[in-house]
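There are 2 protein chains.
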Amino acid sequence: MARTAAALVIGNEVLSGKIQDTNSHDLARLLRSVGVELRRIVTVPDEPAAIVAALDALRASVDLVFTSGGIGPTHDDVTIDSVALALGRCTARHPTLEAALRAHYAERCSADHLRMATVVEGTVLHHGEDGAAPWPVMQVENVFVLPGIPQLFRAQLDLIRHVVRDPDRSFVLACVLCRGDEPSLKAPLDEAVRAFADVSIGSYPRWFDRDEDGYSVKITFDGADRTRVNAAAEAFARAVEDRVVRVELA
Amino acid sequence: MARTAAALVIGNEVLSGKIQDTNSHDLARLLRSVGVELRRIVTVPDEPAAIVAALDALRASVDLVFTSGGIGPTHDDVTIDSVALALGRCTARHPTLEAALRAHYAERCSADHLRMATVVEGTVLHHGEDGAAPWPVMQVENVFVLPGIPQLFRAQLDLIRHVVRDPDRSFVLACVLCRGDEPSLKAPLDEAVRAFADVSIGSYPRWFDRDEDGYSVKITFDGADRTRVNAAAEAFARAVEDRVVRVELA
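Top line first, the protein sequences correspond to chains A and B.
Each residue of the first sequence is one higher than the one before, starting from 3 at the first, in the numbering used here.
Each residue of the second sequence is one higher than the one before, starting from 3 at the first, in the numbering used here.
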């Protein structure tokens with residue numbers, strides 16, 4: 003069984019449409035590349051009750067949870083307290099983070115700055131393999147706590163790639179690009195789904211820009227076994243031979 | 003109380019990182035503009051059990067649910083059946099949709115094409131105010147069922163703007179753009195949060211591109227009452243006068 007994961011995006015700014023969340027997409031791509039199956043993405047407001055309820059539900063159903071957002075120093079940053087509440091743990095000031103903040107802010111460093119050194123008790127810090135990260139990733143139990151700012155989020159993902167990676171799995175993808183409408187591909191698709199139960203098959207019609215490279219439906223095949231993924235794509239392509247624009251094997 | 007809503011994004015392609023979901027962001031913006039409060043965005047795989055569980059939870063906690071994706075004719079399109087299951091209803095072929103499909107596909111129209119005319123029993127179709135939509139929006143009880151293809155999703159949102167609109171509310175936004183680091187703004191921010199409980203206040207530091215227009219933290223003020231929103235922004239701007247780059251009133 004693949005290791006499973008969920009993303010918990012914390013942010014009124016996403017729900018109110020002020021910003022488009024891109025962190026969950028970056029996380030989805032990272033997890034896919036390291037063989038971890040992302041099962042849920044949940045976005046909640048900056049409210050402890052909502053965060054705790056979502057964390058409880060997600061932790062009960064997946065192996066790893068990644069939170070995004072709400073870890074700054076201001077009133078709307080309630081993630082650390084909420085994770086502590088969900089895990090039944092206290093919070094504490096982390097000496098490594100405190101030292102980093104004091105070094106960075108020097109004489110301007112106030113109690114408000116030091117709020118950013120508050121962690122859930124039992125938190126492990128991941129500094130990355132070369133230790134050169136601007137800020138470490140916090141992990142407590144199976145929860146990774148990441149910042150909401152997209153550039154920082156991405157930088158932190160890089161730090162934990164080797165931590166979350168499933169050494170026994172990675173996913174590959176093959177595609178068959180077809181002409182014609184999607185319903186007319188249904189019968190051969192159903193046949194492929196039946197014959198290759200271990201391959202995940204998706205069908206994505208294009209409704210616009212069809213003429214750019216001449217296909218109107220993309221059929222995707224993915225899974226952990228390259229041989230089976232390619233066999234599924236090839237079998238499907240043979241079945242709809244007259245409509246195939248291009249086959250992209252894994 | 004504002005009318006509340008949730009988005010349910012259905013799609014393995016989002017969870018596997020193949021595509022970035024933009025539909026929930028478009029929905030968030032639309033809902034905000036018509037005075038409806040988006041409380042959750044949940045992304046689940048193309049699996050009936052996951053969709054039904056999410057629908058049950060969301061319908062219990064908000065007024066309106068908007069689904070995105072999984073309504074085409076292929077094996078991975080399980081949204082209609084899942085909504086039916088969650089609502090304890092049967093599915094049926096809708097005569098209006100059947101007629102539209104037969105007109106569009108003419109002699110090529112097969113049983114597979116007609117799968118797209120299947121709806122949950124009791125579904126109401128929204129054709130928009132001018133009736134010129136390429137495809138109507140399906141609504142059953144408090145669930146709006148929309149397609150996953152972004153261009154179609156957006157086109158369908160336009161059709162239901164007048165349906166979901168809360169006639170008594172709409173939201174306005176003011177911003178104060180500041181120099182300096184976020185922790186140093188905490189005390190005046192806390193004061194504004196206390197004094198303007200009816201205004202939602204957010205703080206968003208920029209970590210990159212700070213020099214472009216000279217601010218490093220954006221403080222947002224939003225709510226239903228323009229006078230209060232602007233009063234909050236102005237009071238905060240006065241309190242941090244020396245650090246204000248720009249005030250944008252609602």
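Even for Gly, the Cβ is constructed at its ideal location relative to N, Cα and C.
Any contact of the stretch 220-239 of chain A with the stretch 194-209 of chain A, i.e. 3+ C-beta pairs under 8 Å?
yes
* In whole angstroms, what is the alpha-carbon distance linking Gly72 (chain A) and Val145 (chain B)? -> As a first step, residue 72 (chain A) is located in the first sequence; it is residue number 70 there, counting from the start. As a first step, residue 145 (chain B) is located in the second sequence; it is residue number 143 there, counting from the start. So the alpha carbons of these two residues sit roughly 30 Å apart.
- Query: If you compare alpha carbons, which of A:Asp160, A:Glu143, A:Glu109 and A:Val44 is closest to Gly130 (chain A)?
  - Reply: Mapped onto the first sequence, residue 130 (chain A) falls at position 128. The shortest C-alpha separation from Gly130 (chain A) is found at A:Asp160.
Gly74 (chain A), buried or exposed, once every other Cβ within 10 Å from all chains shown has been counted against 16: Your numbering for residue 74 (chain A) matches position 72 in the first sequence. Buried.
Residue from B:Arg167, B:Leu187, B:Ala157 and B:Val231 with nearest C-alpha to Cys177 (chain B) = Along the second sequence, one-based indexing puts residue 177 (chain B) at 175. Closest by alpha carbon: B:Val231.
Check: Checking contacts by CB at 8 Å: is Gln22 (chain B) closer than that to chain A?
Finding: Position 20 of the second sequence, counting from 1, holds the residue named residue 22 (chain B). Taking Cβ atoms only, chain A reaches closer than 8 Å to Gln22 (chain B), which makes this a yes.
Subject >> Spatial neighbours of Ala237 (chain B) in its chain, beta-carbon cut-off 7 Å, leaving aside the 5 residues before and after >> reply: Your numbering for residue 237 (chain B) matches position 235 in the second sequence. Same-chain partners within the cutoff: Ala194 and Ala197.
Is there a Cβ from chain B that is less than 8 Å from the Cβ of Val195 (chain A)?
The sequence position of residue 195 (chain A) within the first sequence is 193, counting from 1. At least one chain B Cβ lies under 8 Å of Val195 (chain A).
> Name the chain A residues that come within less than 7 Å of Asp160 (chain B), Cβ to Cβ?
Replying inline: Locating residue 160 (chain B) in the second sequence gives position 158, counting from the first residue. Per Cβ cutoff of 7 Å: no residues; Asp160 (chain B) is ~15 Å from chain A at best.
Interface residues of the stretch 30-45 of chain B facing chain A [CB-CB below 9 Å]:
Ala30, Arg31, Leu32, Leu33, Arg34, Ser35, Glu39, Leu40, Arg41, Arg42, Ile43, Val44 and Thr45
* **Residues bridged to His77 (chain B) (per DSSP)** => For the purposes of this step, residue 77 (chain B) is taken as the residue at position 75 of the second sequence. Paired residues: none, contrary to the question.
Checking 8 Å against the spacing of the C-beta atoms, do Ser18 (chain A) and Ala30 (chain B) come in under that value? Along the first sequence, one-based indexing puts residue 18 (chain A) at 16. Along the second sequence, one-based indexing puts residue 30 (chain B) at 28. In this structure, Ala30 (chain B) lies closer than 8 Å to Ser18 (chain A) by Cβ.
Among residues of its own chain, excluding the 5 on either side of Ile162 (chain A), which ones have a beta-carbon nearer than 7 Å to its beta-carbon?
-> Taking the first residue of the first sequence as position 1, residue 162 (chain A) is located at position 160. Closer than 7 Å at Cβ, skipping near neighbours: His128, Val139 and Phe146.
- Task: Establish whether the CB of Asn14 (chain B) and some CB of chain A are separated by less than 8 Å.
- Result: As a first step, residue 14 (chain B) must be located in the second sequence, where it is residue number 12. Closer than 8 Å: yes.
- Rounded separation between Leu148 (chain B) and Phe155 (chain B) - CA only: In the second sequence, residue 148 (chain B) corresponds to position 146, counting from 1. In the second sequence, residue 155 (chain B) corresponds to position 153, counting from 1. Looking at the two C-alpha atoms, the distance is approximately 6 Å.
| message | Quick check on DSSP: helix, strand or coil for Thr125 (chain B)? | response | Taking the first residue of the second sequence as position 1, residue 125 (chain B) is located at position 123. Coil at Thr125 (chain B), not helix or strand.
*Complete alpha helix (DSSP H) runs within the stretch 133-176 of chain B (minimum length 4 residues, chain order)*: 152-166
Near-chain A residues of the stretch 76-105 of chain B - C-beta to any C-beta below 7 Å = Thr76, His77 and Asp78
Could you tell me which residues DSSP pairs with Ser202 (chain A) in its beta bridges? The residue you call residue 202 (chain A) lines up with position 200 of the first sequence. Per DSSP, A:Asp224.
Among the candidates A:Leu33, A:Val11 and A:Ile21, whose CA atom is the shortest distance from the CA of Arg171 (chain A)? For the purposes of this step, residue 171 (chain A) is taken as residue 169 along the first sequence, with counting starting at 1. The option with the nearest alpha carbon to Arg171 (chain A) is A:Leu33.
Checklist entry - With 16 as the cutoff for other CB atoms within 10 Å, does Pro97 (chain A) come out buried or exposed? => result The residue labelled residue 97 (chain A) in the question sits at position 95 within the first sequence. Label assigned to Pro97 (chain A): exposed.
*Expressed to the nearest angstrom, what Euclidean distance is found between the alpha-carbon atoms of Gly37 (chain A) and Ile82 (chain A)?*
Here the question's residue 37 (chain A) lines up with position 35 in the first sequence. Here the question's residue 82 (chain A) lines up with position 80 in the first sequence. Roughly 28 Å between the two C-alpha positions.
**Message:** For Thr69 (chain A), would you say it is in contact with chain B, using Cβ-to-Cβ distances shorter than 8 Å as the test?
**Reply:** As a first step, residue 69 (chain A) must be located in the first sequence, where it is residue number 67. False, the Cβ-Cβ gap to chain B never drops below 8 Å.
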